[in-house]
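Under the numbering used here, think of the first position of the sequence shown as 1, with each following residue one higher. Just so you know, even glycine gets a beta-carbon here, dropped at the ideal spot from N, CA and C.
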Amino acid sequence: MSWYINIRYSSDGIEFHSTEQYMMYHKAKLFKDEEIAEAILHAATPGKCRGLGRRIKNFKADIWWNNRTRIVSEGNYLKFTQDATLKDLLVNQQDALFVETSPSDAIWGVGLAENDPLTIECSPSAMLSVLIL
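Okay, structure coming up:
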């Protein structure tokens, strides 16, 4: 369910290969950086999209902060509604808590590795990060 997983979905006639690509493309569009937005659409991997996203011109953290959750939520909605297998997997989890496990990412994830004992102890009330599937 990772946002790096290669799942193709579309929005407004544009095809995306990952939630990372969707997020970085819309981040570039938010700051009106058409050159980087186009490069992101042609990037072959989520990692390349992420790298391009770090080069967006006229980036302002407060504007991104106020828009990022909406953008990523829209991308996740599209991913899970356009792929029946992912949708079924998500729906059938019932009360499961999903977290992004990455020791180097405490913004979109919990800042812990998958095998870290503290990851298992995560609860919704203890999380400060934004949940990304």
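Please classify Gly13 as buried or exposed, where buried requires at least 16 neighbouring CB atoms within 10 angstroms. The residue labelled residue 13 in the question sits at position 13 within the sequence shown. The residue in question, Gly13, is exposed, as its Cβ has fewer than 16 Cβ neighbours within 10 Å.
In whole angstroms, give me the CA-to-CA distance for Ile5 and Ala39. For this step, residue 5 is matched to residue 5 along the sequence shown. For this step, residue 39 is matched to residue 39 along the sequence shown. Their Cα atoms are separated by approximately 19 Å.
Which runs of the alpha helix (DSSP H) fall wholly inside the stretch 6-49 and span at least 4 residues, in chain order? 19-30, 34-42
Can you grab the Cα-Cα spacing for the pair Gln94 / Lys79, in whole Å? If you number the sequence shown from 1, residue 94 lands on position 94. If you number the sequence shown from 1, residue 79 lands on position 79. Near 19 Å, if we compare the C-alpha coordinates of Lys79 and Gln94.
Looking only at C-alpha atoms, which of Arg8, Leu89, Met24, Tyr9 sits nearest to Ile71? Stepping through the sequence shown from its first residue, residue 71 is reached at position 71. With distances taken between Cα atoms, Ile71 lies closest to Met24.
So what does DSSP say about Pro103, is it helix, strand or coil? Numbered from 1 along the sequence shown, position 103 holds the residue referred to as residue 103. Three-state DSSP puts Pro103 in coil, outside helix and strand.
Given this structure, state the Cα-to-Cα distance separating Gly51 from Ala28, to the nearest angstrom. In the sequence shown, residue 51 corresponds to position 51, counting from 1. In the sequence shown, residue 28 corresponds to position 28, counting from 1. Each residue's alpha carbon lies about 12 Å from the other.
To the nearest angstrom, report how far apart Asn58 and Val91 are at their CA atoms. As a working mapping, residue 58 is identified with position 58 in the sequence shown. As a working mapping, residue 91 is identified with position 91 in the sequence shown. One C-alpha to the other measures close to 39 Å.
Cβ separation of Ile7 and Asp88, assumed to be a contact under 8 Å, to the nearest whole Å: Reading the sequence shown from its first residue, position 7 is the one you call residue 7. Reading the sequence shown from its first residue, position 88 is the one you call residue 88. Actually they are not in contact, since the Cβ atoms of Ile7 and Asp88 sit about 13 Å apart, beyond 8 Å.
I think Trp108 touches Glu114, with their Cβ atoms under 8 Å apart; what is that distance to the nearest whole Å? Here the question's residue 108 lines up with position 108 in the sequence shown. Here the question's residue 114 lines up with position 114 in the sequence shown. With 8 Å as the limit, Trp108 and Glu114 do not qualify as a contact, their Cβ atoms being about 15 Å apart.
Tell me which residues share the same chain as Asp33 and place their Cβ nearer than 6 Å to its Cβ, disregarding the 5 neighbours each side in the sequence. As a first step, residue 33 must be located in the sequence shown, where it is residue number 33. The residues are Ile56, Lys57.
State yes or no: is the C-beta of Glu74 within less than 9 Å of the C-beta of Ser11? Reading the sequence shown from its first residue, position 74 is the one you call residue 74. Reading the sequence shown from its first residue, position 11 is the one you call residue 11. Yes; because the gap between Cβ atoms is below 9 Å, this pair is in contact.
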